[in-house]
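Enquirer:
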Ligand SMILES: [Zn+2]
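In my numbering, the protein residues as written are 3 to 249.
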């Protein structure tokens with residue numbers, strides 16, 4: 003089922019997982035906002051740019067208790083985090099969530115063409131930065147987010163950014179990876195990216211029995227395809243850097 007609001011679009015997938023997209027952000031840049039329905043509480047994984055109130059547009063977010071977790075602090079993932087009362091993220095980026103500035107959240111990469119419809123009067127892509135969103139709970143490797151009938155474990159996967167995390171649901175073989183991996187060229191060239199750490203994080207990912215990857219951008223894919231992407235990256239493909247720099 004697909005339903006549309008003016009700004010956000012929600013697509014229901016299997017396993018009580020839905021994908022929320024910002025309709026007027028370029029498909030090359032908008033992040034995947036994941037909604038996981040639990041028995042007691044729902045989980046939002048990443049929050050988009052937050053240029054409109056997501057809780058106004060997506061009814062289920064105001065009807066049920068919800069925890070928001072950001073896989074990392076970049077503007078396309080954490081812009082809407084301030085809209086939620088329960089805000090989870092990794093301590094390595096706690097300072098950025100609390101005191102965001104354009105270079106720290108890589109909003110200096112935001113080109114005007116990425117935001118295809120003006121969200122409000124006075125919006126200026128050359129100056130915009132998201133509102134501070136201090137974490138209410140810091141989560142690190144091994145911590146568990148319990149939704150009542152489903153458990154997601156935090157996996158720390160630094161490299162794209164120092165506090166990048168994934169949420170791993172072992173029971174269903176589903177992992178939400180943020181920008182640690184997606185089906186595209188991996189951004190390993192940002193100011194706080196460390197390609198060697200990303201290689202190590204991807205090697206760790208390969209050890210998990212993953213069936214489905216819900217990534218931070220683009221389409222979801224199988225665990226087998228995840229391994230192919232990882233091998234391609236480790237072989238020097240899919241890097242934004244020149245290959246010999248990451249060996
Ligand atoms: Zn990112």
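By construction, the Cβ of each residue, glycine as well, lies at the ideal position given by its N, Cα and C atoms. From a predicted model like this one, the values you see are computed outputs, not experimental measurements.
Check residue 225 in the structure and name its three-state DSSP category.
Expert: helix
Enquirer: Can you tell me the Cβ-Cβ gap for residue 1 and residue 192, rounded? I've got them flagged as a contact below 8 Å.
Expert: This structure cannot speak to residue 1, because the chain is shown only from 3 to 249.
Enquirer: Could you round the C-beta distance between residue 40 and residue 152 to whole angstroms and report it? I think they count as a contact, below 8 Å.
Expert: A Cβ-Cβ separation of about 5 Å places residue 40 in contact with residue 152 under the 8 Å criterion.
Enquirer: Do you know whose CA, among 117, 197, 184, 141, lies nearest residue 26's CA?
Expert: 117
Enquirer: Tell me whether residue 189 counts as near ligand 1, meaning its Cβ is closer than 8 Å to at least one heavy atom of that ligand.
Expert: yes
Enquirer: From what residue to what residue does the beta strand (DSSP E) around residue 167 run?
Expert: 167-171
Enquirer: If you measure between the beta carbons of residue 149 and residue 179, is that distance less than 9 Å?
Expert: no
Enquirer: Applying the criterion that 16 or more other CB atoms from any shown protein chain within 10 Å of the CB defines a buried residue, is residue 78 buried or exposed?
Expert: Classification for residue 78: buried.
Enquirer: Specify the secondary structure class of residue 70 as computed by DSSP and reduced to three states.
Expert: strand
Enquirer: Taking the C-alpha atoms as reference points, what is the distance between residue 124 and residue 54?
Expert: When rounded, the distance between both Cα atoms is 14 Å.
Enquirer: Between the stretch 93-105 and the stretch 202-222, do three or more beta carbon pairs fall short of 8 Å?
Expert: no
Enquirer: Does the Cβ of residue 12 have 16 or more other Cβ atoms within 10 Å, making it buried, or fewer, making it exposed?
Expert: Burial call: buried.
Enquirer: Which class does residue 217 belong to by DSSP, given the choice of helix, strand or coil?
Expert: Strand.
Enquirer: If you draw a straight line from the alpha carbon of residue 62 to that of residue 238, how long is it in whole angstroms?
Expert: 42 Å
Enquirer: Excluding the five sequence neighbours on either side, which residues of its own chain have a C-beta within less than 6 Å of the C-beta of residue 119, listed in chain order?
Expert: 26
Enquirer: Could you compute how far the alpha carbon of residue 183 sits from the alpha carbon of residue 35?
Expert: So the alpha carbons of these two residues sit roughly 15 Å apart.
Enquirer: Alpha helix (DSSP H) containing residue 77: first to last residue?
Expert: Its alpha helix (DSSP H) spans residues 77-80.
Enquirer: Mapping the DSSP letters down to three states, classify residue 18 as helix, strand or coil.
Expert: coil
Enquirer: What do you get for residue 144, buried or exposed, if any count of 16 or more other CB atoms within 10 angstroms of its CB means buried?
Expert: exposed
Enquirer: Quick check: what's the CA-CA separation for residue 50 versus residue 24?
Expert: 7 Å
Enquirer: With a threshold of 8 Å (Cβ to nearest heavy atom), would residue 216 be considered close to ligand 1?
Expert: no
Enquirer: CA-CA distance, residue 216 and residue 139?
Expert: Cα to Cα, the separation comes out at about 23 Å.
Enquirer: In chain order, what residues have a CB nearer than 5 Å to some heavy atom of ligand 1?
Expert: 76, 181
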